[in-house]
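In the working numbering, the protein residues as written are 3 to 270. Think of the CB as a built atom: it goes at the ideal place given N, C-alpha and C, for glycine as much as any other residue. These figures come from a predicted structure and were not determined experimentally. See structure below.
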Amino acid sequence: PVPVLDPGRGQTKTGRLWVLLRDERPWGSGVPPAVYYQYSPDRKKERAAMLLQGCHGYLHADAYSGFDHLYEPNGISAAALLAPVGCWAHARRKIYEVHKTTGSPRAHELLEHIGRLFAIEEEIKGRCPEERLAMRQEKSAPLLAALKARFDETLAQIGKSDFAKAIRYATSRWSSFISYTADGRLEICNNAAERSIRPIAIGRNNWMFAGSDAGGARAALMYTLIETARINGLDPETWLRQVIGRIADHPASRITELLPWNMSSPSA
3 PVPVLDPGRG QTKTGRLWVL LRDERPWGSG VPPAVYYQYS PDRKKERAAM
53 LLQGCHGYLH ADAYSGFDHL YEPNGISAAA LLAPVGCWAH ARRKIYEVHK
103 TTGSPRAHEL LEHIGRLFAI EEEIKGRCPE ERLAMRQEKS APLLAALKAR
153 FDETLAQIGK SDFAKAIRYA TSRWSSFISY TADGRLEICN NAAERSIRPI
203 AIGRNNWMFA GSDAGGARAA LMYTLIETAR INGLDPETWL RQVIGRIADH
253 PASRITELLP WNMSSPSA
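Structure representation (structure tokens):
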């Protein structure tokens, strides 16, 4: 969420910055990472549809209900264009909050189980998709089956509670939480995109609000440039100075030469 001045009411309204991230480094790809931000004046599901129009494959995301219709057949194809990939960091966080509040031994046990899944991911980070897939099928899939059984057993014993709600966050969309084991290019969680959201949260403490919807759109553009430079190991200010100094005389047909991954700059 982004506070935006709303002069007609004499206060701020809530706009949104959406984040799309490409980062194939965890599975050894040489494709450079990039992050894209887009502003919208609200969080309606139509905004998500417009943002992801033309995309197909897998979507790593949280459980925002506005994405749900993107996982349904679109009338043109019998299959949905996008398949959801659940975020185990989100699921873990919900159980962690229960454990932090109650000290539940059951919650602690589930956290340890989820921790073993993340340990496997550390082991296979940077390996090719085929190796990652094989390791997940060998180690992660059995752990997930055992975890699902433990989830179901725990739900049968605790009834309605915050703990049950935390568990159902995963069990109610279980297929999306195990889908990462079927493709070595997928990730166990959405932490990479979450890290790209963090600069916005930090920035709000400094700039406090956007002056208008147009200002929100310009902020999204600047965040796209700055954060893409940063995740490519560049100092954003130095890179922007280089681009601004060259772009006026640079041939439009070779504009890609000025992208962060095609330029050298001191590291951030």
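Excluding its 5 nearest sequence neighbours in each direction, Glu123 has C-beta neighbours in its own chain below 6 angstroms: Ile190, listed in chain order. Across the set Gly56, Leu146, Thr104, the C-alpha of Leu146 shows the shortest separation from the C-alpha of His115. In terms of Cβ geometry, Ala85 and Ser181 form a close pair [threshold 8 angstroms]. Taking all protein chains in view, the Cβ of Cys57 is surrounded by fewer than 16 other Cβ atoms within 10 Å, so the residue is classified as exposed. In the structure shown, Leu236 adopts coil according to DSSP, grouped into three states. The C-beta of Ser198 has 16 or more other C-beta atoms within 10 Å across all chains shown, which makes the residue buried. Rounded to whole angstroms, Ala172 and Gly10 show a C-alpha spacing of 42 angstroms.
The bridge partners DSSP lists for Arg24 are Ala36.
Between the region 38-54 and the region 252-267 there are fewer than three C-beta pairs closer than 8 angstroms, too few to call the two in contact. Straight through space, the alpha carbons of Ala93 and Ile169 are spaced by roughly 8 angstroms. Judged by beta-carbon spacing, Tyr39 lies within the 8 angstroms limit of Thr226, meaning their Cβ atoms are closer than that value.
Cβ contact annotation for Ile160 (same chain, cutoff 7 angstroms, sequence separation greater than five): Ala166, in chain order. In the three-state reduction of the DSSP assignment, Ala65 falls in the coil class, being assigned neither a helical nor a strand state. In the assembly as shown, His62 is a buried residue. Its beta-carbon has 16 or more other beta-carbons within 10 Å. A residue is called buried once 16 or more other Cβ atoms fall within 10 Å of its Cβ, and Ser178 is buried on that count.
Put simply, the backbone Cα of Ala221 is about 14 angstroms away from that of Ile204.
Here Leu261 carries a coil assignment [DSSP, helix/strand/coil].
Within the region 137-186, complete alpha helix (DSSP H) segments of at least 4 residues are found at 143-160, 164-173, 176-180, given in chain order. Non-local C-beta neighbours of Lys47 in its own chain, meaning closer than 7 angstroms and more than five positions away in sequence, comprise Gly68, His71, ordered along the chain. Look at Leu53 here: in three-state DSSP terms it is helix. Contact between the region 229-237 and the region 17-37 is present, with at least three C-beta pairs closer than 8 angstroms. At the C-beta level, Leu112 and Ile97 come within 8 angstroms of one another. Of the candidates Pro253, Ile233, Ala250, the residue whose Cα lies closest to the Cα of Val33 is Ile233.
Among the bridge pairs identified by DSSP, Thr16 is matched with Pro5. According to the DSSP assignment, Leu84 belongs to the beta strand (DSSP E) that extends over 84-87.
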